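In what follows, a structure is listed as structure tokens, so that the remarks can point back to it.
Numbering (the working numbering), first residue to last: 2 to 650.
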């Protein structure tokens with residue numbers, strides 16, 4: 002329910018608020034903290050998606066009412082999860098359906114012949130690929146979630162066979178924090194702690210490896226289970242919101258070819274729109290009670306009973322006649338698994354997928370919520386401190402020289418904010434220089450030498466074309482070792498001698514803030530617009546081929562919009578826009594990463610973390626010909642041609 006927060010002036014990082022206003026609909030955890038009063042306190046971050054705007058980050062209790070600016074009040078008014086269900090007929094050709102909002106989580110199920118259930122998360126690894134509930138790799142030609150509330154359905158047969166009928170369910174969290182969406186890269190270590198939601202209590206989580214493996218359903222207090230019902234010991238949900246993984250192949254595998262990304266959906270304990278429970282089957286008709294007035298959709302997963310496929314139901318489906326199974330490749334439709342749904346009560350029959358005697362099951366139910374509008378997908382509505390930027394058209398770049406003041410080995414932070422115009426999706430390029438300019442879009446890069454040669458790269462960030470039909474946003478690649486090899490033709494191959502393909506999609510034509518940190522041993526983190534969205538923990542000094550994680554080379558050339566191979570820098574055939582960049586010789590913290598993002602905007606008093614090794618700001622440029630460096634003039638950037646323009650002055 003609505004709650005007033007006492008404050009003489011709210012202390013919320015990133016905002017300057019006048020002294021009177023109203024904060025609406027806090028989560029149970031936030032409400033409990035607010036009632037404690039006292040000094041400023043941090044409300045646990047419960048949503049890690051880059052599209053989210055924090056609801057409440059910190060409060061000060063001392064009389065009065067906390068204040069929000071008008072645009073934040075408007076957004077809070079719409080801060081309710083929203084759901085939708087629908088149907089479409091497959092055509093075998095790409096088609097578009099309308100949801101009405103931009104969903105975070107989308108499920109598509111064939112109800113004509115019973116092929117696989119597929120799902121996609123909006124900021125998951127390889128946006129545009131979708132994830133089956135079977136032991137399969139993520140698939141291309143999947144749904145693409147568009148910013149106008151429509152979904153482009155690809156041509157993969159499981160979601161678009163001619164004349165087949167499909168049901169879909171869409172959910173948007175709207176920043177409430179009931180659903181968390183993140184991903185990570187596996188490291189094959191025996192015990193690993195993932196800090197997706199530190200401080201937020203999780204009730205359950207769903208993991209799907211990008212390669213051939215069953216999804217894993219984790220339930221707090223119980224062992225994990227695969228989507229086929231078999232037990233998995235690879236994941237434990239801890240009381241502090243962290244997740245401990247094992248060394249098995251389910252969610253933490255290291256592969257020389259892909260690094261093995263894994264998408265994660267977290268369901269918060271105490272969520273108002275998602276209800277998770279465990280129940281025991283009896284073999285007789287059984288009523289499952291949820292706290293909802295109406296149920297929009299429900300998953301049922303068997304636990305510890307191999308071969309039992311589970312079930313999926315939406316409010317469009319007639320209970321007992323059109324229930325769809327989850328993971329069987331040719332399952333019959335119409336089994337009497339869910340025999341009735343009345344309000345918030347769901348009745349399961351005697352079908353073994355939902356109610357076998359002595360078998361435990363996990364129920365994940367979604368509240369029906371149609372009245373809430375969806376927020377816009379972007380969050381860069383805040384006023385920038387400086388709109389100055391340097392536009393580099395195709396073939397142009399900024400050369401920042403060869404000073405060894407940028408030679409950093411060990412811990413490092415790379416920061417870049419701007420935009421790119423790489424929008425085409427084709428097969429991955431082959432090896433060699435011929436495909437550089439048509440497939441790679443370097444953002445900031447320090448290197449000198451041919452690909453695959455030891456010592457050729459110091460560090461780098463780039464976006465590189467996604468595979469055909471994999472999505473509309475090119476993913477971020479990070480130069481991890483001192484080598485850089487192009488991907489193998491028609492294949493996403495990232496081995497120990499190649500860069501880290503993070504899978505984090507970087508939306509084109511939109512200003513994005515990227516910050517990548519490395520702890521000097523093996524832990525990498527990616528922050529997008531101030532939010533932690535990906536981590537990778539793989540110590541290459543201790544693993545084959547024993548290349549250093551970061552080892553700066555002498556005499557390397559630092560560039561924006563290009564990377565130095567041999568001879569002149571290899572530029573790109575895609576336009577880039579630069580607002581600024583920084584390099585730190587240490588790992589910035591989560592708070593510092595968020596602070597640097599907030600410092601871009603004039604609606605707060607944040608200033609950038611000051612101990613950078615070097616900084617380049619378009620705001621300090623007097624023309625498009627020169628990009629001055631803040632610390633050392635030897636790192637001043639010089640435009641490659643007069644085509645580089647200083648704009649937004």
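Glycine residues also receive a C-beta, built at the ideal position from the N, C-alpha and C atoms.
These figures come from a predicted structure and were not determined experimentally.
For this session: Tell me, please, whether the stretch 549 to 562 touches the stretch 577 to 584 by the rule of three or more beta-carbon pairs shorter than 8 Å.
Result: Counting Cβ pairs under 8 Å, three or more are found: they touch.
For this session: Identify which residue in 555, 519, 529, 442 has its Cα closest to the Cα of residue 574.
Result: Here the closest residue by C-alpha is 442.
Exercise. In terms of alpha-carbon separation, which member of 89, 281, 508 lies closest to residue 477?
Worked result: Nearest option by C-alpha distance: 508.
Problem set entry | Beta-carbon proximity of residue 193 to residue 147, cut-off 8 Å | Taking the C-beta atoms as reference points, residue 147 is found no nearer than 8 Å to residue 193.
Problem set entry | residue 364 vs residue 299 beta-carbon contact at 8 Å | Less than 8 Å divides the Cβ of residue 364 from the Cβ of residue 299.
For this session: Return the chain-ordered list of same chain residues with a C-beta closer than 6 Å to the C-beta of residue 641, the five sequence neighbours on each side being excluded.
Result: Result list for residue 641: 397, 398, in chain order.
Problem set entry | Own chain partners of residue 358 with C-beta closer than 7 Å, once the 5 adjacent residues on each side are dropped | 282, 283, 284.
For this session: Determine the closest residue to residue 505 out of 462, 226, 482, with distance taken between C-alpha atoms.
Result: Out of 462, 226, 482, 462 has the C-alpha closest to the C-alpha of residue 505.
Exercise. Assuming residue 302 contacts residue 201 under a Cβ cut-off of 8 Å, what Cβ separation, rounded to an integer in Å, is found between them?
Worked result: Residue 302 to residue 201, Cβ: 22 Å. No contact.
For this session: Could you spell out the range, first to last residue, of the beta strand (DSSP E) harbouring residue 594?
Result: Looking at the DSSP string, residue 594 is not in any beta strand (DSSP E); the run it does join, the alpha helix (DSSP H), is 591 to 599.
For this session: Please classify residue 527: is it buried, with 16 or more other beta-carbons within 10 angstroms of its beta-carbon, or exposed?
Result: Residue burial is scored here from C-beta neighbours: residue 527 has at least 16 other C-beta atoms within 10 angstroms and is therefore classed as buried.
Exercise. Could you check where the beta strand (DSSP E) with residue 263 kicks off and where it finishes?
Worked result: Looking at the DSSP string, the run of the beta strand (DSSP E) that includes residue 263 is 262 to 269.
For this session: Check residue 76 in the structure and name its three-state DSSP category.
Result: For residue 76, the predicted structure reports a pLDDT of 44, less than 50, and the residue's modelled location is therefore unreliable. A value from the coordinates is still provided. Helix, per DSSP.
For this session: Answer yes or no: do residue 134 and residue 224 have a C-beta to C-beta separation smaller than 8 Å?
Result: In this structure, residue 134 lies away from residue 224, with their beta-carbon atoms at least 8 Å apart.
For this session: Note down the Cα distance separating residue 97 from residue 152, rounded to an integer number of angstroms.
Result: Just so you know, the alpha carbons of residue 97 and residue 152 end up roughly 6 Å apart.
Problem set entry | Inter-residue Cα distance where the pair is residue 19 and residue 605 | Low local confidence applies: a pLDDT of 32 at residue 19 is under 50, so the model's placement there is unreliable, and no value is given.
For this session: For the beta strand (DSSP E) holding residue 368, just list the boundary residues, first then last.
Result: Residues 361 to 368.
Exercise. In terms of residues, what are the limits of the alpha helix (DSSP H) holding residue 183?
Worked result: Counting along the chain, no alpha helix (DSSP H) covers residue 183; the unbroken beta strand (DSSP E) around it starts and ends at 180 to 186.
For this session: Tell whether a beta-carbon distance below 8 Å holds between residue 553 and residue 388.
Result: No.
Exercise. Using the beta-carbon count (16 or more within 10 Å), is residue 104 buried or exposed?
Worked result: Burial call: buried.
Exercise. Which residues in the same chain as residue 89 place their Cβ atom closer than 6 Å to its Cβ, once the five residues preceding and following it in sequence are excluded?
Worked result: Here the set comprises 98, 167.
Exercise. Which residue from 288, 645, 81 puts its Cα closest to that of residue 392?
Worked result: Closest by alpha carbon: 645.
For this session: To the nearest angstrom, report how far apart residue 539 and residue 188 are at their CA atoms.
Result: Going by C-alpha positions, residue 539 is about 5 Å away from residue 188.
Problem set entry | Backbone CA spacing between residue 566 and residue 637 [nearest angstrom] | Going from the Cα of residue 566 to the Cα of residue 637 covers about 20 Å.
Problem set entry | Cβ-based neighbour list, residue 384, same chain, cut-off 8 Å, excluding 5 preceding and 5 following | Around residue 384: 602, 603, 604.
Problem set entry | CB-CB length for residue 338 against residue 355, believed under 8 Å | Between residue 355 and residue 338 the Cβ distance is about 4 Å, and since that is below 8 Å, they are a contact.
Problem set entry | Pair within 8 Å by beta-carbon distance, residue 112 and residue 120 | It is not a contact, given that the beta carbons lie outside the stated cut-off.
For this session: Identify, in the order they occur along the chain, each residue of the same chain with its Cβ nearer than 7 Å to the Cβ of residue 633, setting aside the five sequence neighbours on each side.
Result: Residues 404, 406, 615 of the same chain have their beta carbon placed closer than 7 Å to that of residue 633, with the five preceding and five following residues left out of the count.
For this session: Kindly give me the distance between the Cβ atoms of residue 235 and residue 251, rounded to whole angstroms, as I take these residues to be in contact under 8 Å.
Result: By a beta-carbon distance limit of 8 Å, residue 235 contacts residue 251. Their separation comes to about 4 Å.
Exercise. Could one say the Cβ of residue 460 lies closer than 8 Å to chain B's Cβ atoms, at least one of them?
Worked result: Looking for chain B here will not work: only one protein chain is present.
For this session: Find out if the Cβ-Cβ distance for the pair residue 610, residue 589 is shorter than 8 Å.
Result: In this structure, residue 589 lies closer than 8 Å to residue 610 by Cβ.
For this session: Could you tell me the boundaries of the alpha helix (DSSP H) in which residue 537 lies?
Result: In the DSSP assignment, residue 537 falls outside any alpha helix (DSSP H) and lies within the beta strand (DSSP E) extending over 532 to 538.
Exercise. What is the DSSP secondary structure of residue 355, reduced to helix, strand or coil?
Worked result: Residue 355 carries a helical assignment under DSSP once its states are collapsed to helix, strand and coil.
Exercise. The beta strand (DSSP E) with residue 137 in it runs from where to where?
Worked result: Counting along the chain, residue 137 sits inside no beta strand (DSSP E), nor does DSSP assign it H or E at all.
Exercise. In the structure shown, what three-state DSSP assignment does residue 400 receive?
Worked result: DSSP places residue 400 within a strand segment (E or B) once states are collapsed to three.
Problem set entry | Where residue 473 falls, given that 16 or more other Cβ within 10 Å makes a residue buried | Annotation note: pLDDT 47 at residue 473 (below 50); position unreliable, coordinate value reported separately. With a threshold of 16 other beta carbon atoms within 10 Å, residue 473 meets it and is buried.
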